[in-house]
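**Student:**
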Amino acid sequence: MIVPTWCGARSEGESRLAAFQKLGTVLTNTVDDMPYGTSLAVFDPYVAIGQHTLMETCWIAAFNNDCVEVFMEVMQNALPGCAIFTHEFRGAASRVTPGATAFGLRSDHVLVELLTTVADQPAFDKRRYQRWLYASLHAFDPIALPGGYPNLLSKGDTERATKSFGANVERLIKAKRTYDPDNMFNSAIPLPVAKQPHPRDGKMAIPDLARNAFQSQTTIIR
Numbered sequence: 002m003i004v005p006t007w008c009g010a011r012s013e014g015e016s017r018l019a020a021f022q023k024l025g026t027v028l029t030n031t032v033d034d035m036p037y038g039t040s041l042a043v044f045d046p047y048v049a050i051g052q053h054t055l056m057e058t059c060w061i062a063a064f065n066n067d068c069v070e071v072f073m074e075v076m077q078n079a080l081p082g083c084a085i086f087t088h089e090f091r092g093a094a095s096r097v098t099p100g101a102t103a104f105g106l107r108s109d110h111v112l113v114e115l116l117t118t119v120a121d122q123p124a125f126d127k128r129r130y131q132r133w134l135y136a137s138l139h140a141f142d143p144i145a146l147p148g149g150y151p152n153l154l155s156k157g158d159t160e161r162a163t164k165s166f167g168a169n170v171e172r173l174i175k176a177k178r179t180y181d182p183d184n185m186f187n188s189a190i191p192l193p194v195a196k197q198p199h200p201r202d203g204k205m206a207i208p209d210l211a212r213n214a215f216q217s218q219t220t221i222i223r
């Protein structure tokens, strides 16, 4: 199943989506104009209480032959309920100056979203799905960019978060310490950590606040 999405002029979108019609025999086609909010709700019926959902993510520079080979390899080993979504980052978003927001990667790239969703059942083997997820993530290592989309990183993945914010890391940490030293505004989105002198001996140590999911909702800007 392919779910192509185009945001922009209809004429350009039709020409870009036409290529998907040539990939093989089309069994059904529901591509149509719709409000952006409606398109976001397409998969709502599949989001239900009791389902097990696991996710990982990475960035790649472009959707080309090298990454297609990885996609094919990963999906050959996929279990029922496994899927890959891609989101192109380009246009106006990539023309923003890198230092204008906390988001660090402003060049054109592709977000890869690895997802497993399985209904609650006694026979569910979480470890099998975790193995597929992590093996799939590492299959992209040779072509992946440093870091990953911060909103999709796991809560404790501060190392990748640090790489994700790029040159904005120190400014982001400084803003957090200045305006929210008690971590009142926190979320599941990891923020980078930084070392600071230990108050007793002057050596470098990780702040306790940073070790305990040093995060903030107020400084994450898409």
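In the working numbering, the protein residues as written are 2 to 223. Ideal Cβ placement from N, Cα and C applies to all residues, glycine included. Predicted model only: the values in this text are computed from it and were never measured.
#1: If R107 sits next to V97, beta carbons under 8 Å apart, how far is it from one beta carbon to the other, in whole angstroms?
#2: Hey, out of Q131, T117, M35 and E171, whose CA is closest to A10's CA?
#3: Could you give the distance in angstroms between the alpha-carbon of P5 and the alpha-carbon of L41?
#4: Which ranges would you report for the alpha helix (DSSP H) in the stretch 59 to 83 if only whole runs of at least 4 residues count?
#5: Spatial neighbours of L18 within its chain, please: CB distance less than 8 Å, with the 5 preceding and 5 following residues excluded, ordered by chain position.
#6: Give the secondary structure of T179 by DSSP, where H, G and I count as helix, E and B as strand, and everything else as coil.
#7: Taking the continuous alpha helix (DSSP H) assigned at T1, which residues delimit it?
#8: Check whether the Cβ atoms of T58 and L146 sit closer than 8 Å, and answer yes or no.
#9: Starting from the N-terminal side, write out each stretch of the alpha helix (DSSP H) that is 4 residues or longer and does not extend beyond the stretch 88 to 148.
#10: Under the rule that 16 or more other beta-carbon atoms within 10 Å means buried, what is I174, buried or exposed?
#11: For the alpha helix (DSSP H) containing S12, name the first residue and the last one.
#12: Should V111 and F86 be called a contact, given that it needs their Cβ atoms to be closer than 8 Å?
#13: Given this structure, state the Cα-to-Cα distance separating N65 from A93, to the nearest angstrom.
#14: Helix, strand or coil, according to DSSP, for L173 in the structure here?
#15: Determine the closest residue to Y130 out of I3, V75, D158 and L24, with distance taken between C-alpha atoms.
#16: Select from R132, F141, R128 and T26 the residue whose C-alpha is nearest the C-alpha of C68.
#17: Would N30 be called buried (16 or more neighbouring beta carbons within 10 Å of its own) or exposed?
#18: Report the CB separation of G105 from G167 in whole angstroms; it is logged as a contact under 8 Å.
#19: Shortest alpha-carbon distance to R128 belongs to which of E70, H53, N184 and Y180?
#20: Can you have a look at Y180 and say buried or exposed, based on whether 16 or more other CB atoms are within 10 angstroms of its CB?
**Tutor:** According to the structure data:
#1: 6 Å
#2: M35
#3: 12 Å
#4: 66 to 77
#5: P5, W7 and V32
#6: helix
#7: This structure gives no information on residue 1, because the portion of the chain shown stretches from 2 to 223.
#8: no
#9: 127 to 140
#10: buried
#11: R11 to L18
#12: no
#13: 22 Å
#14: helix
#15: V75
#16: F141
#17: exposed
#18: 3 Å
#19: H53
#20: exposed
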